[in-house]
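What follows is one structure encoded as structure tokens, with my remarks underneath.
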Amino acid sequence: MLSHIPQAAQDADPNISLAKDIIGTCVHCGVCLSRCPTYAVRHEENDSPRGRIFLIKSMYEKGGAPDDKTVEHLDRCLTCLACEAICPSGVEYSKLIAHGREYVERHYRRPLAERVIRGLLVNLLPRPGLFRAALAAGKVARPVRGLFSGTLRAMLDMVPTSPLPHPSPVDRPQVFKAEGQGAGTRRKRVALLNGCVQTVLDTAINEATIRLLQRHGVEVVVARGSGCCGAPAEHMGDEDRALPLVKANIDAWLREADGPDGLDAIIINTSGCGTSVKAYGHALRLDGQWAQKAARVSAMARDISEFMAEIGLNVPKNPHNLRVVYHSACSMQHGQRIVNQPKDLLRAAGFTVLDVPEGYLCCGSAGTYNLLQPEIATTLKERKLRNIRSVKAQVAASGNIGCMTQLAGAVGIPFVHTVELLDWATGGPEPAALAGQALALE
Amino acid sequence: MQMPQPDQSVINRRETLAAGLTRIVGAQWVIVDEAERRPYQCDGITAYMAMPLLVVLPGSTDELRQVLRFCHDNAVKVVPRGSGTSLSGGALPLEDGVLLVTSRLCEILSIDRENRVARVQPGVPNIKISEAVHHLGLCYMPDPSSQLISTIGGNVAENSGGVHCLKYGVTANHILGIEAVLITGEVIRLGGAFLGGAEGELDLMGVLTGSEGLLAVVTEIAVRLEPLPEVARVISMSFPSVEKACECVGAIIGAGIIPAGLEFMDRKVLDAVAALIRESFDSRTEALLLCELDGTAVEVDALVQVVNDVARSQGAIETKVSTTQEERERIWSSRKLAFSAIGKLCPDYYCTDGTIPRNKLPEVLNKMAQLSEQYGLDYANCFHAGDGNLHPIIMYDAAKPGDLEKAEAFGADVLIACVDAGGVLSGEHGVGVEKRDLMTHQFSEIDLQQQQMVKCAFDPGELLNPGKVFPTTCRCAEFGRMHVHKGNLRFADIPRF
Numbered sequence: 000m001l002s003h004i005p006q007a008a009q010d011a012d013p014n015i016s017l018a019k020d021i022i023g024t025c026v027h028c029g030v031c032l033s034r035c036p037t038y039a040v041r042h043e044e045n046d047s048p049r050g051r052i053f054l055i056k057s058m059y060e061k062g063g064a065p066d067d068k069t070v071e072h073l074d075r076c077l078t079c080l081a082c083e084a085i086c087p088s089g090v091e092y093s094k095l096i097a098h099g100r101e102y103v104e105r106h107y108r109r110p111l112a113e114r115v116i117r118g119l120l121v122n123l124l125p126r127p128g129l130f131r132a133a134l135a136a137g138k139v140a141r142p143v144r145g146l147f148s149g150t151l152r153a154m155l156d157m158v159p160t161s162p163l164p165h166p167s168p169v170d171r172p173q174v175f176k177a178e179g180q181g182a183g184t185r186r187k188r189v190a191l192l193n194g195c196v197q198t199v200l201d202t203a204i205n206e207a208t209i210r211l212l213q214r215h216g217v218e219v220v221v222a223r224g225s226g227c228c229g230a231p232a233e234h235m236g237d238e239d240r241a242l243p244l245v246k247a248n249i250d251a252w253l254r255e256a257d258g259p260d261g262l263d264a265i266i267i268n269t270s271g272c273g274t275s276v277k278a279y280g281h282a283l284r285l286d287g288q289w290a291q292k293a294a295r296v297s298a299m300a301r302d303i304s305e306f307m308a309e310i311g312l313n314v315p316k317n318p319h320n321l322r323v324v325y326h327s328a329c330s331m332q333h334g335q336r337i338v339n340q341p342k343d344l345l346r347a348a349g350f351t352v353l354d355v356p357e358g359y360l361c362c363g364s365a366g367t368y369n370l371l372q373p374e375i376a377t378t379l380k381e382r383k384l385r386n387i388r389s390v391k392a393q394v395a396a397s398g399n400i401g402c403m404t405q406l407a408g409a410v411g412i413p414f415v416h417t418v419e420l421l422d423w424a425t426g427g428p429e430p431a432a433l434a435g436q437a438l439a440l441e
Numbered sequence: 000m001q002m003p004q005p006d007q008s009v010i011n012r013r014e015t016l017a018a019g020l021t022r023i024v025g026a027q028w029v030i031v032d033e034a035e036r037r038p039y040q041c042d043g044i045t046a047y048m049a050m051p052l053l054v055v056l057p058g059s060t061d062e063l064r065q066v067l068r069f070c071h072d073n074a075v076k077v078v079p080r081g082s083g084t085s086l087s088g089g090a091l092p093l094e095d096g097v098l099l100v101t102s103r104l105c106e107i108l109s110i111d112r113e114n115r116v117a118r119v120q121p122g123v124p125n126i127k128i129s130e131a132v133h134h135l136g137l138c139y140m141p142d143p144s145s146q147l148i149s150t151i152g153g154n155v156a157e158n159s160g161g162v163h164c165l166k167y168g169v170t171a172n173h174i175l176g177i178e179a180v181l182i183t184g185e186v187i188r189l190g191g192a193f194l195g196g197a198e199g200e201l202d203l204m205g206v207l208t209g210s211e212g213l214l215a216v217v218t219e220i221a222v223r224l225e226p227l228p229e230v231a232r233v234i235s236m237s238f239p240s241v242e243k244a245c246e247c248v249g250a251i252i253g254a255g256i257i258p259a260g261l262e263f264m265d266r267k268v269l270d271a272v273a274a275l276i277r278e279s280f281d282s283r284t285e286a287l288l289l290c291e292l293d294g295t296a297v298e299v300d301a302l303v304q305v306v307n308d309v310a311r312s313q314g315a316i317e318t319k320v321s322t323t324q325e326e327r328e329r330i331w332s333s334r335k336l337a338f339s340a341i342g343k344l345c346p347d348y349y350c351t352d353g354t355i356p357r358n359k360l361p362e363v364l365n366k367m368a369q370l371s372e373q374y375g376l377d378y379a380n381c382f383h384a385g386d387g388n389l390h391p392i393i394m395y396d397a398a399k400p401g402d403l404e405k406a407e408a409f410g411a412d413v414l415i416a417c418v419d420a421g422g423v424l425s426g427e428h429g430v431g432v433e434k435r436d437l438m439t440h441q442f443s444e445i446d447l448q449q450q451q452m453v454k455c456a457f458d459p460g461e462l463l464n465p466g467k468v469f470p471t472t473c474r475c476a477e478f479g480r481m482h483v484h485k486g487n488l489r490f491a492d493i494p495r496f
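Here it is, written out as structure tokens:
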């Protein structure tokens, strides 16, 4: 599609020049509309990928501050990337929307309330200590949540009612040796991104991941200085807050990679973070000092399911013939195009795997989307719950904490991370969510 | 391409009209803001753009009816739009016209298994019907390449075809009844929700099907459902030349076979879809035919053998038969996404849609190659070979001055060549604005006039989608035919039977 973005704007900002090229690859065929969750809810071109490409094109053509309506529609995008995955013309929508959002944040002044809430999220989520404190405060305020509406209400609704797990000892920087007898049993050495929110909300995921890897002869290091991947800030177009986190991770992991023991991969067990780490190379491509280092890290990044599929799963010790419905997170299937590996692994571990109807549709979690756009998020959540329930499974599994938080409380069956099932089947403990129920189910 | 001169006095009334429409559908569904109107400037052809006066998205048939009546009473033009995938500019907006979008009317109203009929709203994407009845072993056969998102209402308006229309027929063969709203807001119902429901009435359903939004807006469609074929397999045949592939098309049909689909892709298209199809092709391949055979297992096995033998005797380099349903679906999805995939080869493309008698394929394809050289523009070919429905894809760069005009002229010459070879301007994309000015090449004056009189019978004020299909206004006022207005006959004193 032809655009008329002024040359001066392109010269001043390489991301605008890139946007022009990306817009040029769109032929306006409309196939993306068929996969877009906001279009499925709103049926309105402005809330479709094709419409947003047009809005971004107009925003750059016009220059200056974007108008309220353009911002409203760009905000409504879940960044699920189902559009990019199906696009036959190869339009790189993820880059277009990411840079478009950065442009919005630089040139548009949001109303005070929005600024406060966005600032709060960007500052809280990456810091487990603060996030934990905020959840405690939220718990106090939860009984009166009826007094609030919009994002505040959504935030209070998200506060877990059950007690939070204690911080897990595995989330401190350390090395976990590979299991096996004698020297030379170590097959691989990997760094694990233990994440931010995940270390507060569900410590079992990292614990299961580490056990699973150790059992398969892999040494795992939680690198000192690594932490939040930067996605929460990046999703809100806040590059200034995202990049320091990105750089801290790059430094932490490359220190390991260049150390005496080296590093074969960087393992991520939250697909939302995985998409983000795999895009480090792009995010820093114009920074002479960081470009190469960032590209190295992105090249080493692997989702845990990708990595396990590469090294092969041990024969299960305790096969459990449960009917598992696998919910593929958008960041998994669209962002990273990891479709079959998690399901193949679950099957290899002895489970019966079922797909979710309309599996391409986002569950509405989408990072902080469920907090910022509660209305659309709730509609999508209910649709996803209906679809998951329709296959009558005994357990639901996914590879992304965001989706689990969004769905677990309401789906009516235990909801666990894929690695918890793989760990259990190959000799680990029964996932807590299943405790006592598994035998009855079988 | 000229559109009717916009009426500035209507544009000046934008705010007032928006207020009136807001009372019908609610503020959320009337788009007035300029930034939000921009994404509606074009449909599947980006070469033609116009800012709509307003965009309205009714949420029910009743709201749609009121919107049309409001526009009629205020003498405002209306352009209907589904998902905006038209490749002929059928949903190109008018600066002084309301863009009426049916995408919110997307419910499947009922599924009648015994009578094999589904009643659907116009905004339902084509593929959703097949998905909804798959568990009953049924499907909706017409499958335009845009079926993932193109709406059934739009399919009716364009009388869409698709890969499988060679054996099963086009949209017109699969609808049993429709409800449509006239520009006056009056509702007409044609046919019924069962086979034979349209017997005993003038075939107005046939008139509305393919009328490109010029006569009425369809609000409900009763579609025929077909049993899913027990077995379907696709055989892909690669040829060292375009001619050999074309000759093979004739030979397959000549052998007495009506394949479920018979598709042609040239080398350039193959290269564009290679990633989607996940297959490599013999380097000598210049053209590929995809032939689908369906029916019972015994039948399909026998037909596959015959087609394979025919292909070999016609000089095929290699032939492959799909072994799994997944493989078959992947091959078809690559074919259906082929147009869009061309976006990888060039900044812009223009795809047109002439249809010719099958035996003229080699002749017209040669002409195309010659025109490509003459205009200095590259092109690719991907079309429904079985029914001679050509889709040359002309590649150009809209950023290069004069390139679009060259592409348009190239396309027009191809269409003229189609008509001269005894064919027609359009197979399934419709005339829209794209082929409008060539209509006089295919039709004589009296042919066109007769069609325009039908338009006048439905829409004497020429408010519905003007500037499309016909190269001139219909001059309905001059025809001065008797028509009914809000139930009141003009000339009520004239004796009637």
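Heads up: the protein sequence lines correspond to chains H and A, in order.
The opening residue of the first sequence carries number 0 in numbering that gives the first Met the number 0; numbering runs sequentially from there.
The opening residue of the second sequence carries number 0 in numbering that gives the first Met the number 0; numbering runs sequentially from there.
Heads up, the beta-carbon is just placed ideally off N, CA and C, and yes, glycines get one too.
Identity of the residues DSSP links to residue i by a beta bridge
i, result
"S144 (chain A)", "S144 (chain A) pairs with nothing; no bridge assigned."
"C350 (chain A)", "A:I392"
"P124 (chain A)", "A:T150"
Within chain H, the residues that residue i reaches when beta carbons sit closer than 8 Å
i, result
"L56 (chain A)", "H42 and E43"
Amino acids of chain A, ordered along the chain, whose beta-carbon sits closer than 9 Å to that of residue i
i, result
"T24 (chain H)", "G342, K343 and P346"
Exposure label - residue i; buried when at least 16 CB within 10 Å
i, result
"Q372 (chain H)", "buried"
"G427 (chain H)", "buried"
"K76 (chain A)", "buried"
"M481 (chain A)", "The pLDDT assigned to M481 (chain A) is 49, lower than 50, so where the model puts this residue is not dependable; a value taken from the coordinates is nonetheless given after this. Exposed, because fewer than 16 other Cβ atoms sit within 10 Å of the Cβ of M481 (chain A)."
"R283 (chain A)", "exposed"
"S145 (chain A)", "buried"
"G224 (chain H)", "exposed"
"P231 (chain H)", "buried"
"G422 (chain A)", "buried"
"G311 (chain H)", "exposed"
"P142 (chain H)", "exposed"
"N388 (chain A)", "buried"
"Q451 (chain A)", "buried"
"P465 (chain A)", "buried"
Contact list for residue i against chain A, beta-carbon separation under 8 Å
i, result
"G358 (chain H)", "The contacting residues do not exist; G358 (chain H) stays about 13 Å from chain A at best."
"L1 (chain H)", "T45, P346, D347, A397 and A398"
Chain H contact residues for residue i, given Cβ-Cβ distances below 9 Å
i, result
"Y39 (chain A)", "E44, N45, G50 and F53"
"L147 (chain A)", "G29, V30, L32, S33, R34 and I85"
"G83 (chain A)", "H27, G29, L32, E44 and R49"
Within chain H, partners of residue i - CB distance below 7 Å
i, result
"E35 (chain A)", "N45 and K68"
"D32 (chain A)", "K68"
"R103 (chain A)", "H42"
Complete runs of the beta strand (DSSP E) confined to the segment 146 to 179 of chain H [at least 3 residues]: As far as the segment 146 to 179 of chain H is concerned, its whole beta strand (DSSP E) runs of at least 3 residues are 173 to 175.
Residues in the segment 311 to 342 of chain A having any Cβ partner in chain H nearer than 7 Å: Here the close residues are L336, F338, S339, A340 and G342.
Contacting positions in the segment 37 to 66 of chain H - beta carbon closer than 9 Å to chain A: Answer set for the segment 37 to 66 of chain H: Y38, R41, H42, E43, E44, N45, S47, R49, G50, R51, I52, F53, L54, K56, S57, M58, K61, P65 and D66.
Chain A contacts made by the segment 62 to 91 of chain H, where a contact means CB separation under 7 Å: From the segment 62 to 91 of chain H, only D66, K68, T69, P87, S88 and G89 have a Cβ closer than 7 Å to chain A.
Near-chain H residues of the segment 118 to 138 of chain A - C-beta to any C-beta below 8 Å: For the segment 118 to 138 of chain A, residues whose beta-carbon sits nearer than 8 Å to a beta-carbon of chain H comprise G122, P124 and I126.
Segments of 3+ residues assigned as beta strand (DSSP E) that fall wholly inside the segment 418 to 445 of chain A: If we require 3 residues or more, the segment 418 to 445 of chain A turns out to have no beta strand (DSSP E) run fully inside it.
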